[in-house]
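Taken in sequence, the protein lines are chains L and D. Numbering follows this note's numbering, in which position 100 of the first sequence is assigned residue number 100; successive positions increment by one, without gaps. Numbering follows this note's numbering, in which position 143 of the second sequence is assigned residue number 419; successive positions increment by one, without gaps. Everything below concerns the one structure shown next.
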Amino acid sequence: MKEYSKTNTAVFYLILICLSLMSLGPIVLMLLTSLKLKVDIFNEVSTFIFMPTLKNYSSVLHDPSLMRYLGNSLYVGLISTLLTLVMGCMAAYAIVRFRFMGRDAVSLTTLLMRMIPPAVLTVPVFAIWTFQYQLGNNLHGLILVYVAINLPFVIWILQSFIEQVPIQLEEAARVDGANPFQVFFLVVLPVIKPGLAAAAIFTFRIAWNEFILALVLTNRATRTTPVHISLFLTEHNIDWGQIMAMGMLIAIPPIIFTFVASKQIITGMTAGAVKG
Amino acid sequence: MKPTRFLNRATPYLFLAPAGIILLFALLYPIGYLTMASFFDWRMGTPFADAVFYGFKNYAWILNDPNFHESFMVTITFASTVVVLEMVIGVGLALMLERPIRGMSVFRTIFILPMMIAPIVVGLVWRYMYNPQFGIFNKTLKKWGFEPIPWLSSPDWALPSVIIADIWQWTPFIFILSLAALQSLPRSSLEAARIDGASEWQQIIYIKIPLMMPVLVVAALLRMIDAFKVLEVIFIMTNGGPGLSTEIMSLQIYKTAFVSWELGRAAALSNILLVIVLVITLTMFLYTKARDARMARIQAAVEQY
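Structure follows, in structure tokens:
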């Protein structure tokens, strides 16, 4: 092994800390701005010296429409995550255990679905949902798109977890007289809990953050929070303090997830590149 | 037939059915519908049934439209610039910082934060930072006695500004990926090179980078695909302006459909974007297939030996 000197180590940490500051900077700036009064925001000299206030948060949270949109976001995120997980793990199980499609077919499909730009879906989804499915301006319409968008990835990631479940476990349950559904729900599911958790974080985050499909599929009553924020951004006289407070409210759940489950997130994010 | 035997036979289908039905109705059907719609002169307000069949006229119109040419160039410039810069910076940092470091997992967690928060929030924060009067960049420039820069309001600066924001958000992806690739390189080849007296640079150029290549190619292609998907950050920062200087194709699709209400034309535009991304994706799939096959052959040869 090569020797690493003490000064070298210090330099490495210094570089890493600088990079971290660059990564965090804009997010910290958002937090600071959300704690500023208008006077402090328009102060052209200092950025860091000001009296912090929670006024932006209190006026944002006292707005009944924002509470409604946060509720919409939460509802759409939770329900679509739940549905995606249930359908996704069932499909993944069938593909692994009953050797349905080849692994190649599944990864190719996942890849193809991952590549579709959301903008491409806006026209057909808007038209079909509004004119054919009667789901326009309806939260369940939004849930349907999010489930469809997330399913391929969830199936793909859960496959690898299911492959690791020892088949003997299932056979033992079979011998004891369990039917396939009992085997699946009582034996397989508890074992792949970590995989389900990782998949849940991915799905929820995408539904919670998504903007463009929500923009074309919702109205005044069914908006999600990102859409609400975008409508707050006008050409002039932007109330940055309040906008940043709302931005923080949207950013908090993903930030918490990142700190709780960074390992799983990194695995999920890099899986496609390292292994086909 | 006994109920359990029936259940056993039907099980795979029953397990696949829910996901299959959703994907059919909510993903495959919309994509098919898109292709069909692209052949019609269809505007918002008229039912699709009344739209006039247009053949390839939508496509012909788009291909002759100077706005499309500009948007196409903006998209290609944006995608290729961010991929190249993110690869260079990300891989460079990984090569520089590759060594066991205590607390690396904490740094990694911090680095993925920009990718986790909503794109719309990223757009918001950067639009705020680029503000000509009280944005942090111009404030700092003024403090140091430099001329302020018209970041998002000048056609020359808008695209670079948007690119900088993307680099901030996505370079960590390449960095983390290359770091993982570096750490899984076979120790023996590096050891051998070192014993033979290869310098640090020679090791990087002749051993590390070639061995990392398979991962790097896929990483670049993945970033390329994602760069073509970008919409929300730019929507919030510039909405495509000033002029068309940052109007990437996905933004043009949105505007054609929901600002000009030309649904048929937007569908054709969507299909063009889809084909571009499809070509990149298939390249990537074939590349990984070939790579894995090659790895398997090498593995087999090593075992035989």
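Idealized CB from N, CA, C, for every residue including glycine. Small disclaimer: the values here were computed from a predicted structure and weren't measured.
Residue i classed as buried or exposed, judged by whether at least 16 other C-beta atoms fall within 10 angstroms
| i | result |
| --- | --- |
| residue 562 of chain D | exposed |
| residue 223 of chain L | buried |
| residue 250 of chain L | buried |
| residue 576 of chain D | exposed |
| residue 420 of chain D | exposed |
| residue 94 of chain L | buried |
| residue 219 of chain L | exposed |
| residue 328 of chain D | exposed |
| residue 384 of chain D | buried |
| residue 532 of chain D | buried |
| residue 432 of chain D | exposed |
| residue 395 of chain D | buried |
| residue 221 of chain L | exposed |
| residue 18 of chain L | exposed |
| residue 287 of chain D | buried |
| residue 308 of chain D | exposed |
| residue 422 of chain D | exposed |
| residue 505 of chain D | buried |
| residue 339 of chain D | exposed |
| residue 145 of chain L | buried |
| residue 489 of chain D | exposed |
| residue 455 of chain D | buried |
| residue 580 of chain D | exposed |
DSSP state of residue i mapped onto helix, strand, coil
| i | result |
| --- | --- |
| residue 40 of chain L | helix |
| residue 317 of chain D | strand |
| residue 448 of chain D | helix |
| residue 140 of chain L | helix |
| residue 262 of chain L | helix |
| residue 421 of chain D | coil |
| residue 147 of chain L | helix |
| residue 164 of chain L | coil |
| residue 473 of chain D | coil |
| residue 407 of chain D | coil |
| residue 231 of chain D | Given that chain D is displayed from residue 277 to residue 581, the structure contains no residue 231 of chain D and the question cannot be resolved. |
| residue 313 of chain L | Because chain L is modelled from 1 through 276, residue 313 of chain L falls outside the range shown and cannot be assessed. |
| residue 267 of chain L | helix |
| residue 20 of chain L | helix |
| residue 524 of chain D | coil |
| residue 181 of chain L | helix |
| residue 1 of chain L | Only weak support exists for where residue 1 of chain L lies, its pLDDT of 43 falling under 50; the coordinates are left without a value. |
| residue 457 of chain D | helix |
| residue 220 of chain L | coil |
| residue 467 of chain D | helix |
| residue 437 of chain D | helix |
| residue 49 of chain L | coil |
| residue 277 of chain L | Not covered by the structure: residue 277 of chain L. The range shown for chain L is 1 to 276. |
| residue 35 of chain L | coil |
| residue 235 of chain L | coil |
| residue 397 of chain D | helix |
| residue 176 of chain L | coil |
Residue span of the alpha helix (DSSP H) that contains residue i, given as start and end
| i | result |
| --- | --- |
| residue 118 of chain L | 118-127 |
| residue 562 of chain D | 539-580 |
| residue 230 of chain L | 225-232 |
| residue 194 of chain L | 193-209 |
| residue 77 of chain L | 64-97 |
| residue 502 of chain D | 485-505 |
| residue 388 of chain D | 380-392 |
| residue 479 of chain D | Careful: residue 479 of chain D lies outside any alpha helix (DSSP H) and carries neither H nor E. |
| residue 58 of chain L | 55-61 |
| residue 214 of chain L | 212-217 |
| residue 511 of chain D | 508-513 |
Requested in this report: Output the residue ranges of the alpha helix (DSSP H) runs that lie fully inside the region 322-376 of chain D and measure 4 residues or longer, sorted by chain position.
Outcome: 333-339 and 342-373
**Report entry** Complete beta strand (DSSP E) runs within the region 278-312 of chain D (minimum length 3 residues, chain order)
**Finding:** none
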